[in-house]
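Below is one structure, written out as structure tokens; the observations come after it.
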Amino acid sequence: MTAAGEPIFRMRGAAKRFAGVTVIEGVDLDIYQNEIIGIAGENGAGKSTTLKMIAGIHDPSVGSMELFGKPYAPHRYTDAVRDGVSMVFQEQALVPNLRVYENFFLSHENKFARAGGLVDTGRMIELSERHLRDLGLGHIDPRRVTGSYEFHDRQMIEIAKAFVLADFFEVEHPIVLLDEPTAAIGDKEVALLFDSIRRFRDRASFVLITHRLAEYVTLCDRLYVMKDGRLVAEMAKGDFAISRIHEAMVGRARDEEYYKESTQRAIGDGDPVVLSVERLSGGHVEDVSFDLRQGEVLGLGGLVGCGKEEVARAVVGFEPFPAGGSVRVKGKALPLRGRGKASIAADVGFVPKERKTEGMIPYLSVAANTSLAALKKVTGLPGIISGGRETRLARDYIKLLRVRTTGPRQLCQYLSGGNQQKVVMAKWLARGVDLLVLDNPTRGVDVGAKEEIYALMRELTAKGVSILLITDDLLELIGLSNRILIMRDGKVVAERPAPPEAKPTEQELVGFMV
124 MTAAGEPIFR
134 MRGAAKRFAG
144 VTVIEGVDLD
154 IYQNEIIGIA
164 GENGAGKSTT
174 LKMIAGIHDP
184 SVGSMELFGK
194 PYAPHRYTDA
204 VRDGVSMVFQ
214 EQALVPNLRV
224 YENFFLSHEN
234 KFARAGGLVD
244 TGRMIELSER
254 HLRDLGLGHI
264 DPRRVTGSYE
274 FHDRQMIEIA
284 KAFVLADFFE
294 VEHPIVLLDE
304 PTAAIGDKEV
314 ALLFDSIRRF
324 RDRASFVLIT
334 HRLAEYVTLC
344 DRLYVMKDGR
354 LVAEMAKGDF
364 AISRIHEAMV
374 GRARDEEYYK
384 ESTQRAIGDG
394 DPVVLSVERL
404 SGGHVEDVSF
414 DLRQGEVLGL
424 GGLVGCGKEE
434 VARAVVGFEP
444 FPAGGSVRVK
454 GKALPLRGRG
464 KASIAADVGF
474 VPKERKTEGM
484 IPYLSVAANT
494 SLAALKKVTG
504 LPGIISGGRE
514 TRLARDYIKL
524 LRVRTTGPRQ
534 LCQYLSGGNQ
544 QKVVMAKWLA
554 RGVDLLVLDN
564 PTRGVDVGAK
574 EEIYALMREL
584 TAKGVSILLI
594 TDDLLELIGL
604 SNRILIMRDG
614 KVVAERPAPP
624 EAKPTEQELV
634 GFMV
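Position in the sequence shown (first residue = 1) + 123 = my numbering.
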């Protein structure tokens, strides 16, 4: 569908500054009725900040906005929701211990008040059930506690919330802002989401941010590309392809050897075993065994819920994890109790899928997060951290990993997702590890930062670091791994070698997953 008539939303000359640092400048953006547009760019380019200005989370420092031909200046997110603008956030904004229907109408309970101050929960549930059915999400029970659902279902609940609130406030044509909605859901859920967007575009407009460039090509009518806080390109349907988007984002053509396969280290039977997992069982995992050799990248793939993430948590002792079986690092068994502490002592690092809640402390600085696993290196007098040592350590890794930050003392909550991920990796590199367990390490990371992470992984394996890679990205799994294990229903159902000259195909691996 092409844009026609006057836009229903205009942004003109928008700029945003935080503590004197300009992150957005001179942005002009239009949204037309029934249109799906995309905003592409590297991490830190300003995409999410732009959405948050539209959603009333940030006030523009400079510039103006119009909605349906009238001045639009929401001072908080609830103002935007009442005007018909909803946002699905990159990091989930649901309250896990509330029920689904309670999350849908959180902060709007007064609209359901009855005599005596009671809330009409029956009406809340009825509205929730109707919208979930309309969205093809009838399997989600609005009475159930939200946190009891798997991550991908919680993501779909948050997406459904945007539609529920738009209808509740009687907005005829809402605007739904999608910030990385597909980053942590499987192919089935992605297809369901895209089908819903296409089905509802006759009464809504959508703005999409994603790091899967193919999704822009598949779904969007128009595309804006941002770089360093500015719009650098606007492309119409048919004019944008993955290669062109990539080049506009990073300022160069895509490297043909994206996964650095020519530098993949050859692994043989003579290389020592660093990690040995034997008959791991419990939860969603059953009788999983494998070895990982020095300098090897062992890929673990499968559909969402297949058990691969539970295996990663068992190796590093991240609670809860499967309790049966044994895990040995460099020949030494890790205990069942206190395994997390023991794995760190054995020089095992873990980059989790949920970086903000499990991998870092957002309200601490880049320097403080970098030193978390390497406190001995930054401690002067007994028990006292040296600010100078901590700063110098952080500067080294800011330079090494090209972290885009104002400096070592910037709080991590103000970094883009990709730069936060780099800080999580820096934490373990600063300590020095022999084994890295990476759970979807490039989730929510742009293509430029992905290339840097891939290059870093190759550099680490060249130095003898072993990597257990868990990823939902099939091409990443194939391109980076020396060997690939495929899991289904908690079991390893296939093992495939993946040397540079004979990589398995996506079709071959998918055949084992389903």
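Ideal Cβ positions, reconstructed from N, Cα and C, are used throughout, including at glycine.
Check: For H296, which option in M548, Y272, E477, D325 has the closest C-alpha, if you only look at C-alpha atoms?
Finding: D325
Note to self: According to DSSP, I365 sits in a beta bridge with which residue or residues?
What the structure shows: Its beta-bridge partners do not exist; DSSP assigns none.
Item checked: Reduced DSSP secondary structure (H/G/I, E/B, other) of E158 -> coil
Note to self: Counting only C-beta atoms, is E232 closer than 8 Å to chain D at any point?
What the structure shows: The chain labelled as chain D is not found in the depicted structure, where only one protein chain is given.
Margin query: Runs of 4 residues minimum, wholly inside the region 397 to 440: which ones carry the alpha helix (DSSP H) assignment?
Written below: 431 to 439
Notebook entry, point to check: Under the three-state reduction of DSSP, which class applies to K614: helix, strand or coil?
Noted result: strand
Margin query: Taking contact to mean 3 or more Cβ pairs, one atom from each stretch, closer than 8 Å, check whether the region 440 to 451 and the region 497 to 504 are in contact.
Written below: no
Check: To which residues of the same chain is G406 closer than 6 Å at the C-beta, ignoring the five residues directly before and after it?
Finding: E433, P445
Margin query: Which complete alpha helix (DSSP H) runs does the region 309 to 338 hold, if anything under 4 residues is left out?
Written below: 310 to 323
Checklist line | Classification of T125 by the beta-carbon crowding that lies within 10 angstroms, buried from 16 upward | finding: No answer about T125 holds up, because its pLDDT of 41 lies below 50 and its placement is not dependable.
Next item on the list: Ignoring anything shorter than 4 residues or poking outside the region 228 to 298, list the alpha helix (DSSP H) runs there in chain order.
Entry: 244 to 257, 274 to 291
Checklist line | Candidates L579, T584, L591, of which the one nearest N563 by Cα | finding: L591
Next item on the list: Look up A549 in the DSSP assignment and say whether it is helix, strand or coil.
Entry: helix
Item checked: Integer Cβ distance of L558 from V452, believed to fall under 8 Å -> 6 Å
Margin query: Using DSSP's beta-bridge definition, name the partner residues of K139.
Written below: I147
Margin query: Measuring straight from C-alpha to C-alpha, what distance separates R478 and L552?
Written below: 16 Å
Next item on the list: Taking I521 as part of the alpha helix (DSSP H), name the residues at either end of that continuous run.
Entry: 510 to 524
Item checked: With 16 other Cβ atoms within 10 Å as the buried cut-off, status of Y486 -> exposed
Next item on the list: Check whether the Cβ atoms of I320 and I159 lie closer than 8 Å to each other.
Entry: yes
Next item on the list: Since I believe L398 is in contact with D414 (beta carbons under 8 Å), could you give me their beta-carbon distance rounded to a whole number of angstroms?
Entry: 7 Å
Checklist line | D302 beta carbon less than 8 Å from that of F212 | finding: yes
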